[in-house]
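Numbering (the working numbering), first residue to last: 157 to 214.
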């Protein structure tokens, strides 16, 4: 899973950006390009496993 700050460092290391940009710049670019928003994984990860709800509520 990527967060904006490591994604910014990786973009610079791979030559995708001319200088190191902020995580906020990455977040804004993704929002403009494809409507991608950042959110915590816990808000949307689910599992079809029968014990998932038990574990989630623990």
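Even glycine gets a Cβ: it sits at the ideal position worked out from N, Cα and C.
Problem set entry | Closest Cα partner of residue 178 within the set 192, 191, 159 | Distances from the CA of residue 178 to each of 192, 191, 159 were compared; the closest alpha carbon is that of 159.
For this session: Compute the distance between the beta-carbons of residue 181 and residue 166, then report whether it is under 9 Å.
Result: The answer is no: Cβ separation not under 9 Å.
Problem set entry | Between the CA atoms of residue 211 and residue 168 - distance to the nearest angstrom | Taking the straight line from one Cα to the other gives about 39 Å.
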